[in-house]
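Each position in the sequence shown, counted from 1, maps to that position plus 278 in this note's numbering. Shown next, in structure tokens, is the structure this report addresses.
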Amino acid sequence: MPLWPARQLHLECYPPVPEHMSLPWNSADELLLDAADTAQPTLILNDRHGALCCGLQAGGPERQLRVWTDSFCAREAIRLNSSTNGLPLPEMLSLEQLESVSGVRQVLIQIPKNHDLLAFQLSIIARQCPEATVHLAGMARHLPVALLNRLESLADSYSQSRVIRKARMITLQGLSGFLQPDDQLWQGYSQDDMRINALPGVFCRDRLDPGTRVLLNHLPADIRGKVCDLGCGNGVLALSIKHQHPQTGVLACDDSELAVSSVQHNVQTLDLNLEVLHSNALSETDAHFDWILCNPPFHDGHTQQTEIAETMFRDAARHLTTDGQFLIVANRHLPYLPVLRRLYADVRVISADRRFSVYHCRSPKKARS
Ligand SMILES: C[S@@+](CC[C@H](N)C(=O)[O-])C[C@H]1O[C@@H](n2cnc3c(N)ncnc32)[C@H](O)[C@@H]1O
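Following this line, the structure appears as structure tokens:
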């Protein structure tokens, strides 16, 4: 397990990835921890592997520390790394608790890739913690000038560090300019006579993803039984299935709490009945499915990787019924075919255009790791 020399902490990525691909901390974490006032009640946002939580807790456990992260895997990483380093677990907030948080004097933010998500978070801080000092940091190559200009123009007070070890930190006070009207919260599009909405940060919130469109075009007309939308985003696949085949039992799951909350919202407004789960792939269910549908991610934050997709393929193999079928859409260049052939005896490419391939898999092999 890698040692973070600057903080003398042993941290690991969850789920594990090879060390040459990604470490569980970066120099933006170091800038934030160097700037943090360890005596203040603090809120941490977007701590992917617990580097900020552990770094702050290692300085002394007295202050009130609360954390919100969208990702199920990030929460697991924070638990794992806190426990490995013998540190107390910070208070982990749900989205609902974040939206009513109070008493925070300092906020540490790893700047997320999705700037709508950042704007949403700054709006909550502006409303709930107007007195707080907000430190944000990220790797300089991921911080476009337009973002920095926008932060500067909306905050009462703005300061920016120079680039240190390729990272930059920004400090803001007075965030009332970031308050967003309630009618900007939900955005979406219409699909199949359904209005599908999503919160900021959810994949393809305001338009149908072209890969998803291809998968929708390849859904069989006779789909029945129990269906899983694995990595559901706003739930467009799950909702379309339930809308067209009301007799199916549908489960939608995602690593993102914002995605899960968006599907719950859509289920209510569309008056459909389906189950929603916050999980790492299928980690939180024992159910078996007649159909699993998946448009897997190939990024974790800014890092391109295939590990999450491979976890989904393995989990799908474990959760198919004997005659179950697994449909996947993916960008053509991604090397999924050999992985699928290791896991399933029957793998067919049922569509391949310039951009996307659709894979149809059956008969999971017995010895699956
Ligand atoms: C390419 S998007 C597809 C979303 C939706 N199915 C669609 O087609 O519009 C991939 C989804 O996988 C989710 N995801 C990423 N990592 C995950 C994991 N470990 N477990 C479950 N879902 C994950 C992302 O949050 C995202 O919503």
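Note that beta-carbon positions come from the ideal geometry of N, C-alpha and C, so glycine has one too.
Alpha carbons only, please: which of R596, F591 and I389 is nearest the one belonging to H638? Residue mapping note: residue 638 aligns to position 360 of the sequence shown, counting from 1. Closest in alpha carbon position to H638, among R596, F591 and I389, is F591.
Could you check if E535 is buried or exposed, using at least 16 other CB atoms within 10 Å of its CB as the buried criterion? On the sequence shown, residue 535 is found 257 positions in, with the first residue counted as 1. By the Cβ-count criterion, E535 is buried, with 16 or more other Cβ atoms from all chains shown falling within 10 Å of its own Cβ.
Is G509 a contact residue of ligand 1, with contact defined as CB to any heavy atom under 8 Å? Counted from its first residue, the sequence shown places residue 509 at position 231. At least one heavy atom of ligand 1 is nearer than 8 Å to the Cβ of G509, so yes.
Along the beta strand (DSSP E) that carries C639, what are the first and last residues, could you check? Looking up residue 639 in the sequence shown gives position 361. If you look at C639, you'll find it in the beta strand (DSSP E) that goes F634 to P642.
Between L343 and chain C, is the shortest Cβ-Cβ distance under 9 Å, so that the two count as touching? Although the question refers to chain C, the structure presented lacks it and comprises just one protein chain.
Measure the beta-carbon distance from Q342 to S380 and round it to whole angstroms, keeping in mind my assumption that it falls under 8 Å. Within the sequence shown, numbered from 1, the residue matching residue 342 stands at position 64. Within the sequence shown, numbered from 1, the residue matching residue 380 stands at position 102. Contact between Q342 and S380 does not hold, since the beta-carbon distance rounds to 11 Å and is not under 8 Å.
Contact the region 463-477 vs the region 509-529: 3+ CB pairs below 8 Å: Touching, yes, given that three or more Cβ pairs across the two stretches are closer than 8 Å.
Beta carbon of P575 nearer than 9 Å to that of G513: Counting from 1 along the sequence shown, the entry for residue 575 is found at position 297. Counting from 1 along the sequence shown, the entry for residue 513 is found at position 235. Cβ atoms of P575 and G513: not closer than 9 Å.
Check whether the Cβ of P574 sits closer than 8 Å to any heavy atom of ligand 1, and report yes or no. For the purposes of this step, residue 574 is taken as the residue at position 296 of the sequence shown. When distances are taken from the beta-carbon of P574 to the heavy atoms of ligand 1, the shortest one is below 8 Å.
Following a CB-centred definition, is F398 positioned closer than 8 Å to any heavy atom of ligand 1? Along the sequence shown, read from residue 1 onward, the residue named residue 398 stands at position 120. For ligand 1, not one heavy atom lies less than 8 Å from the Cβ of F398.
Go through its chain and collect everything with a Cβ distance to S437's Cβ below 8 Å, but skip five positions before and after it. Against the sequence shown, residue 437 aligns to sequence position 159. Excluding positions up to five away in sequence, the list reads I448 and T449.
On the three-state DSSP scale, how would you describe N475? Numbered from its first residue, the sequence shown carries residue 475 at position 197. In the three-state DSSP reduction, N475 falls in the strand class (E or B).
Determine the direct distance from the alpha carbon of R620 to that of K643, and round the result to whole angstroms. Residue 643 sits at position 365 when you count from the first residue of the sequence shown. Residue 620 sits at position 342 when you count from the first residue of the sequence shown. Our two residues, K643 and R620, have alpha carbons roughly 8 Å apart in a direct line.
Which residue's Cα is closest to the Cα of L571: P524, A329, L494 and N544? The residue labelled residue 571 in the question sits at position 293 within the sequence shown. Among P524, A329, L494 and N544, the Cα nearest to that of L571 is on L494.
Excluding the 5 residues flanking L311 on each side, which residues of the same chain have their C-beta closer than 6 Å to its C-beta? Residue mapping note: residue 311 aligns to position 33 of the sequence shown, counting from 1. Within the same chain, L311 has close Cβ partners G333.
Could you spell out where the alpha helix (DSSP H) holding T347 opens and where it closes? For the purposes of this step, residue 347 is taken as residue 69 along the sequence shown, with counting starting at 1. Where T347 is concerned, there is no enclosing alpha helix (DSSP H), because DSSP gives it neither an H nor an E.
Take the Cβ of E297 as the centre, count every other Cβ of all protein chains shown within 10 Å, and call the residue buried at 16 or more, exposed below. For the purposes of this step, residue 297 is taken as the residue at position 19 of the sequence shown. Around the CB of E297, fewer than 16 other CB atoms lie within 10 Å, so the residue is classed as exposed.
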